[in-house]
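Heads up: the sequence shown at position 275 corresponds to 301 in this note's numbering, and the numbers run straight through without jumps.
A short write-up of the structure that comes next.
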Amino acid sequence: MVAEVKCNRIGVRLHGGLSPARCLELGAAAEANGFTSVWFAENPFHRGVLPAVSALAATTSQIRIGIGVVNPYNRHPALIAMEFGALDELSDGRAVLGLGAGIAAQVRRMGFDYRPLAALRDSIDILRGLLRGDNVTYQGRAFSVDGVALGFRPPRPDMPIYAASMGDRSLELCGRLADGLIVSNMCPPAYSERAICIVQSSAAAAQRAPLDIVQYVPCVARADRREACRVAKGVIGEMLSAFWPVNADWPAIRETIVALSGIPKTDVVGALERLRRGEPPVKVLDDRFVAAFAIAGDARDCQAAAERYRRAGVNELVLTFAGGQPLVDMAYLGAALNGANRASAPRP
C-alpha cells in the first residue's frame, strides 16, 4: 500500500535536455497522475521549450503550464509577449511565464552586455504593457521598445509573470515587480526561507500582495528507500558539479547556499574535488547532501521533505523526477498524492 502524501501543490519539471516527444509523454503522465503543474526549464544552446510546451497545451486540459525560465537575451521582451500571449490562448489561460536574467557566461558568449537587474526590470515593465494591450514606448538600460503594440489581444492582460532570482537585490526587485518567485534547484530549505522573507518583505513595502513561491527540487520517489537515496546521490553529484562553476560569478550566493545547507564548506569543497576526480557520488556524498538538496525516499520520506519546504514558505514544489524511471516514480508518488486529496475532500 502506498502511503498518502499530504501536499498542497506539487508539479513536475521538464527541460531542454529532453526531446519534445518525451516532454509530451511526461507532461501527459503528470496530468494523469494528479500533479498540479508542468514547468519547462529552458537553457541557452539546448532545445527551445516552446514546441513541447505548445504540444502539451494542445493535448491537456487541466494542468497548469509554466515556463521557467526564459531570458530576454535569447528572446527580446517584445518577442516573449508575442509568443506567450499566443500560448495563453492555446492553453485557455493555463500558462505562467517565468523570467530570468540568464547565466552570465552564456549571455556573454552571445555578445551581450550582461546587466541582470536591468534586464529583469526592463523585461517585466515591457511585458506588462504589451500584455495589457498598450502601445508601449519604453527606454531601459538593457531593453527598449518604441511605439510597439501587439497585433492581437491576449486573453489575460494580467498573465502572471514569475521571476527566478537568487541574489538579494534581485530578490528585492522580484518582490516589487513580479507575481511569483521561482527558487532554483540546489537551494536548501533554509536558503529558500531567507529568500522568501526578502521577497515578501519587498512586496509588502511596495504595498503588493504576497508572491506565489515555486521551488524546483530533484526527486527520487520509490518504495525502496535505500535505493531512492542511492540514486539521489548520483543526481545531486551531477547537479552540484555543474552548479558550482556556473555560479562562479556569484560567490556570495554560493557562500549563502552552503552556509544554509547545514553542511560545512570544507565538506562541500572536498566532495566537489572528489567528484571532479571521478569518485562515485554514492561514496562521496552522505545523507546530509540528500536532505539539503533533494526529495528522496518512499512516500512518507517525500512527505517529510516536502513539509520542510512548506514551512519555509514554498507554495508549490516542482519536482525533477531523476534517476532513469520518471514515469514509474511519478506514478508511485502520484498515487500517494491522489490518496491524500481523496482523504481531505469534504464529505457530501
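Every residue, glycine too, gets a C-beta built ideally from N, C-alpha and C.
{"Check": "Could you work out which residue in 357, 110, 324, 76 is closest to residue 252 when comparing CA atoms only?", "Outcome": "324"}
{"Check": "Check for me: the beta strand (DSSP E) holding residue 250 runs from which residue to which?", "Outcome": "Here residue 250 belongs to no beta strand (DSSP E), and DSSP marks it neither H nor E."}
{"Check": "Please look up how many angstroms separate the CB atoms of residue 254 and residue 322, rounded, as I've assumed it's under 8 Å.", "Outcome": "5 Å"}
{"Check": "Measure the C-alpha to C-alpha separation of residue 35 and residue 129 and round it to an integer number of angstroms.", "Outcome": "28 Å"}
{"Check": "Applying the criterion that 16 or more other CB atoms from any shown protein chain within 10 Å of the CB defines a buried residue, is residue 40 buried or exposed?", "Outcome": "buried"}
{"Check": "Any idea what DSSP makes of residue 124, helix, strand or coil?", "Outcome": "strand"}
{"Check": "Which ranges would you report for the beta strand (DSSP E) in the segment 66-108 if only whole runs of at least 3 residues count?", "Outcome": "90-96"}
{"Check": "How would you call residue 163, buried or exposed, if buried means at least 16 neighbouring beta carbons within 10 angstroms?", "Outcome": "exposed"}
{"Check": "Starting from residue 209, follow the beta strand (DSSP E) in both directions and report where the run begins and ends.", "Outcome": "206-209"}
{"Check": "What residue range does the beta strand (DSSP E) around residue 342 cover?", "Outcome": "342-347"}
{"Check": "Under the assumption that residue 171 contacts residue 206 (Cβ atoms under 8 Å), give the Cβ distance between them as a whole number of angstroms.", "Outcome": "About 24 Å separates the two Cβ atoms, so there is no contact after all."}
{"Check": "Is the CB-CB distance between residue 192 and residue 221 below 9 Å?", "Outcome": "yes"}
{"Check": "If we require 3 or more residues per run, which beta strand (DSSP E) segments fall completely within the segment 303-337?", "Outcome": "321-323"}
{"Check": "Out of 126, 267, 142, 353, which one is the CA nearest neighbour of residue 190?", "Outcome": "126"}
{"Check": "Grouping DSSP H, G and I as helix and E and B as strand, with all else coil, what is residue 173?", "Outcome": "strand"}
{"Check": "Quick one, are the C-beta atoms of residue 156 and residue 111 less than 9 Å apart?", "Outcome": "yes"}
{"Check": "With distances taken from CA atoms, which of 60, 343, 109, 256 is nearest residue 315?", "Outcome": "256"}
{"Check": "Check residue 29 in the structure and name its three-state DSSP category.", "Outcome": "Residue placement at residue 29 is flagged as unreliable, the pLDDT there being 42, under the threshold of 50; the coordinate-derived value follows with that caveat. In the structure shown, residue 29 sits in coil (DSSP, three-state: anything other than H, G, I, E or B)."}
{"Check": "Beta-carbon separation of residue 202 and residue 218 under 9 Å?", "Outcome": "no"}
{"Check": "What first and last residue would you give for the beta strand (DSSP E) that runs through residue 35?", "Outcome": "35-41"}
{"Check": "Which residues mark the beginning and the end of the alpha helix (DSSP H) in which residue 217 is found?", "Outcome": "215-231"}
{"Check": "If you drop the 5 nearest sequence neighbours on each side, which residues of the same chain put their C-beta closer than 7 Å to that of residue 263?", "Outcome": "301, 307, 310, 311"}
{"Check": "Would you list the residues sitting across from residue 238 in a DSSP beta bridge?", "Outcome": "206"}
{"Check": "Mark residue 46 as exposed unless 16 or more other C-beta atoms lie within 10 angstroms of its C-beta, in which case mark it buried.", "Outcome": "buried"}
{"Check": "Taking DSSP as the reference, what is the three-state secondary structure of residue 164?", "Outcome": "strand"}
{"Check": "Measure the CB-CB distance between residue 225 and residue 200 and report whether it falls below 9 Å.", "Outcome": "yes"}
{"Check": "I need the straight-line Cα distance from residue 365 to residue 355, nearest angstrom please.", "Outcome": "16 Å"}
{"Check": "Go through its chain and collect everything with a Cβ distance to residue 296's Cβ below 8 Å, but skip five positions before and after it.", "Outcome": "none"}
{"Check": "Using the three-state DSSP reduction, which class does residue 129 fall into: helix, strand or coil?", "Outcome": "coil"}
{"Check": "Taking the alpha-carbon of residue 271 as reference, which of 131, 65, 73 has the nearest alpha-carbon?", "Outcome": "131"}
{"Check": "Quick check on the DSSP output: the beta strand (DSSP E) that includes residue 289 runs from which residue to which?", "Outcome": "Neither: residue 289 is in no beta strand (DSSP E) and is coded neither H nor E."}
{"Check": "With DSSP collapsed to three states, give me the class of residue 22.", "Outcome": "Since the displayed the chain opens at 27 and closes at 374, residue 22 lies outside it and no answer follows."}
{"Check": "Please identify the residue among 154, 245, 276 whose C-alpha is closest to the C-alpha of residue 360.", "Outcome": "245"}
{"Check": "Are residue 103 and residue 169 closer than 9 Å when you measure CB to CB?", "Outcome": "yes"}
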